[in-house]
Amino acid sequence: MPKNKIVVEVLETCQPTDELLEAIRELYREGYLIALDDFTLTDEWRRFLPYVHIVKLDIMAMGLKNACDLVKKHTKKRTKYHFLAERVETEAEFEATKEAGFKFFQGYFFSKPEVMQTKYVSPEQVLALKLFREVCVPDPDFDRIENIITQDVTLSYKLLRFVNTQSTTLEVTITSFRQALIYLGQEKLKMFVSLVVASYISSKKPRELYNLSLQRAQFCEAMSRYQPLSHLNEQGFMVGLLSILDAMLDLSVESLVGQLPLSPSVQQALLHRQGEYGALLAIEECYERADWAGVEQFSQQLGLSVDDVKSELGEAVRWSQTFSGA
Numbered sequence: 187m188p189k190n191k192i193v194v195e196v197l198e199t200c201q202p203t204d205e206l207l208e209a210i211r212e213l214y215r216e217g218y219l220i221a222l223d224d225f226t227l228t229d230e231w232r233r234f235l236p237y238v239h240i241v242k243l244d245i246m247a248m249g250l251k252n253a254c255d256l257v258k259k260h261t262k263k264r265t266k267y268h269f270l271a272e273r274v275e276t277e278a279e280f281e282a283t284k285e286a287g288f289k290f291f292q293g294y295f296f297s298k299p300e301v302m303q304t305k306y307v308s309p310e311q312v313l314a315l316k317l318f319r320e321v322c323v324p325d326p327d328f329d330r331i332e333n334i335i336t337q338d339v340t341l342s343y344k345l346l347r348f349v350n351t352q353s354t355t356l357e358v359t360i361t362s363f364r365q366a367l368i369y370l371g372q373e374k375l376k377m378f379v380s381l382v383v384a385s386y387i388s389s390k391k392p393r394e395l396y397n398l399s400l401q402r403a404q405f406c407e408a409m410s411r412y413q414p415l416s417h418l419n420e421q422g423f424m425v426g427l428l429s430i431l432d433a434m435l436d437l438s439v440e441s442l443v444g445q446l447p448l449s450p451s452v453q454q455a456l457l458h459r460q461g462e463y464g465a466l467l468a469i470e471e472c473y474e475r476a477d478w479a480g481v482e483q484f485s486q487q488l489g490l491s492v493d494d495v496k497s498e499l500g501e502a503v504r505w506s507q508t509f510s511g512a
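Numbering of the sequence shown is given in this note's numbering, commencing with residue 187 and proceeding in unit increments.
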């Protein structure tokens, strides 16, 4: 197993036997990362800690305060292992665990919106919705898109930077929106505009949220090229990207769908995970939760090879990490 891609997780159902300790020691010596799941600090587990890199705490089961107090106590001891907070459901929990000293986080908070009760809409939200309205139509008006983008210096800079760093086949430096349209073509530029807007509106959100939007977009686009789904149009990338837009804008998905010119099939995918695009999103979401049975079920439902699906899921993760880090 590749050491740079594997974390060996010791489940809470395991018994802290001598045999288990020796196995963990051996994996540790070989260079693997070791994680303890749903850890409870008892005397019988203390001897395992020198060989552990990550300790996972279920903050819902333990209680937020108890989990944070435990981490603060261990952080003062300058331990070499880091703590991961499981089942982080709200921004308040995320901030509390981060302040307490947790280094890693898991939970639905990262992919769901914090819907605001106020009617205030930020300038960033207004601009983002304007641009998404333009790029979601089958035949975008690139003059209008250019006019919207050039009103914001930050957005203009981001677009040109994205185009120049990600388009490896370009032999010239792109210095204007019009030049980008000529060199890249409509579909490619539409994709770049969408990515830039997603980056722009997620700047105050956890970085993982933006990475997740890229991952979903890449996966849905890639699977749309496979034979059982090849009849689908070029909307796979947009479907994946929009599937997490509610969390980026802190608006309900119903509100967003009502404001964007989306086809009925895309609406059903985003609202109810129905149809072929909906099943693709369901596969990606199962993958994010490590629900391998769900990945297989929805793949078979679409007539897709599970091996192909797993390959494209892995590729989407790699692509999103490379792109977001550029």
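Glycine residues also receive a C-beta, built at the ideal position from the N, C-alpha and C atoms.
Alpha helix (DSSP H) runs contained entirely in the region 227-286, provided each spans 4 or more residues: Whole alpha helix (DSSP H) segments, 4+ residues: 229-232, 245-248, 250-262, 277-286.
Coil, strand or helix - Phe318 by DSSP: Helix.
Through-space distance from Leu437 to Met302, alpha-carbon basis: Note that Met302 has pLDDT 48, beneath the 50 cutoff, so the model's placement of it is unreliable and the number below is only indicative. The alpha-carbon atoms of Met302 and Leu437 are separated by roughly 7 Å.
Burial state of Leu413 (16 or more Cβ within 10 Å): Residue identity differs from the one stated: residue 413 is Gln in this sequence, not Leu. Around the beta carbon of Gln413, fewer than 16 other beta carbons lie within 10 angstroms, which makes this residue exposed.
Sub-8 Å separation of Leu345 and Thr361 beta-carbons: Cβ distance not < 8 Å, so Leu345 and Thr361 don't count as in contact.
Element boundaries [beta strand (DSSP E), containing Ala221]: Judged by DSSP secondary structure, Ala221 falls within the beta strand (DSSP E) whose first and last residues are 219-222.
Which of helix, strand or coil DSSP assigns to Val193: If DSSP states are grouped into helix, strand and coil, Val193 belongs with the strands.
Paired residues, beta bridge with Phe328 - DSSP: DSSP output for Phe328 lists no bridge partner at all.
Phe363 (DSSP reduced to helix, strand or coil): For Phe363, the secondary structure class from DSSP, reduced to helix, strand or coil, is helix.
Closest residue to Val220 among Asp229, Gln201, Val194, Arg411 (Cα-Cα distance): In the sequence under discussion, the amino acid at residue 220 is Ile, which differs from the Val named in the question. Taking each of Asp229, Gln201, Val194, Arg411 in turn and checking the Cα distance to Ile220, the smallest one comes out for Val194.
Contacting residues, own chain, Cβ-Cβ under 7 Å from Asp446 (five flanking each side not counted): Checking the sequence shown, residue 446 turns out to be Leu, not Asp. Phe318, Arg319, Cys322, listed in sequence order.
Whole-angstrom distance between Phe405 and Val274, CA atom to CA atom: Whole-angstrom Cα-Cα distance: 25 Å.
Ordered list of alpha helix (DSSP H) runs contained in the region 402-487, each at least 4 residues: Here the runs fully enclosed are 422-428, 431-435, 439-445, 450-458, 461-474, 478-487.
Leu400 to Gln454 span [Cα, whole Å]: Roughly 21 Å separates the two Cα atoms.
Contact belief for Leu370 with Phe328 at Cβ below 8 Å, rounded distance in angstroms: No, Leu370 and Phe328 are not in contact; Cβ-Cβ is about 11 Å, not under 8 Å.
Leu395 and Met424 closer than 8 Å at C-beta: Between Leu395 and Met424, the CB-CB gap reaches or exceeds 8 Å.
8 Å contact criterion, which Ile469 and Val495 should meet: CB distance rounded: Sure, about 6 Å apart at Cβ, within 8 Å.
Cβ separation of Ser385 and Leu427, assumed to be a contact under 8 Å, to the nearest whole Å: With a beta-carbon spacing of about 11 Å, Ser385 and Leu427 fall beyond the 8 Å limit used to define contacts.
Option nearest Tyr214 by Cα separation, candidates Gly293, Lys189, Ala282: Checking every option, the nearest Cα to that of Tyr214 belongs to Lys189.
Same chain, Cβ closer than 7 Å to Lys376, five either side skipped, listed in chain order: Once the five neighbours on either side are set aside, the close Cβ partners of Lys376 are Val321, Pro326.
Local conformation of Phe378 per DSSP, three classes: If DSSP states are grouped into helix, strand and coil, Phe378 belongs with the helices.
Pick from Met409, Pro324, Arg459, Ala247 that is closest to Glu373, judged by C-alpha positions: In terms of Cα proximity to Glu373, the closest of Met409, Pro324, Arg459, Ala247 is Pro324.
When Tyr294, Gly461, Glu285, Asn397 are compared against Ala253, the one with the closest alpha-carbon: For Ala253, the nearest C-alpha among the options comes from Glu285.
Glu212, enclosing alpha helix (DSSP H) - first and last residue: Per DSSP, the continuous alpha helix (DSSP H) segment holding Glu212 begins and ends at 204-215.
Nearest-angstrom beta carbon gap, Leu467 and Arg402 [assumed within contact, 8 Å]: For a cut-off of 8 Å, the C-beta gap from Arg402 to Leu467 is around 7 Å, short enough to register as a contact.
Nearest to His260 (by Cα), restricted to the options Lys289, Thr276, Met246: The shortest C-alpha separation from His260 is found at Lys289.
Cβ-Cβ distance between Val241 and Leu270 below 8 Å: In this structure, Leu270 lies closer than 8 Å to Val241 by Cβ.
Nearest to Val312 (by Cα), restricted to the options Ile334, Gln483, Arg330, Gly293: Nearest neighbour of Val312 by Cα position, chosen from Ile334, Gln483, Arg330, Gly293, turns out to be Ile334.
Contacting residues, own chain, Cβ-Cβ under 8 Å from Lys305 (five flanking each side not counted): With a pLDDT of only 45 at Lys305, under the threshold of 50, the placement of this residue in the model should not be trusted; the figure read from the coordinates follows. Excluding residues within five positions, none has a Cβ falling inside 8 Å.
N-terminal and C-terminal residue of the alpha helix (DSSP H) that Lys496 is part of: 492-510 is the span of the alpha helix (DSSP H), which, as asked, contains Lys496.
Residue environment, Met248, which counts as buried when at least 16 other CB atoms sit within 10 Å: By the 10 Å Cβ count, Met248 comes out buried.
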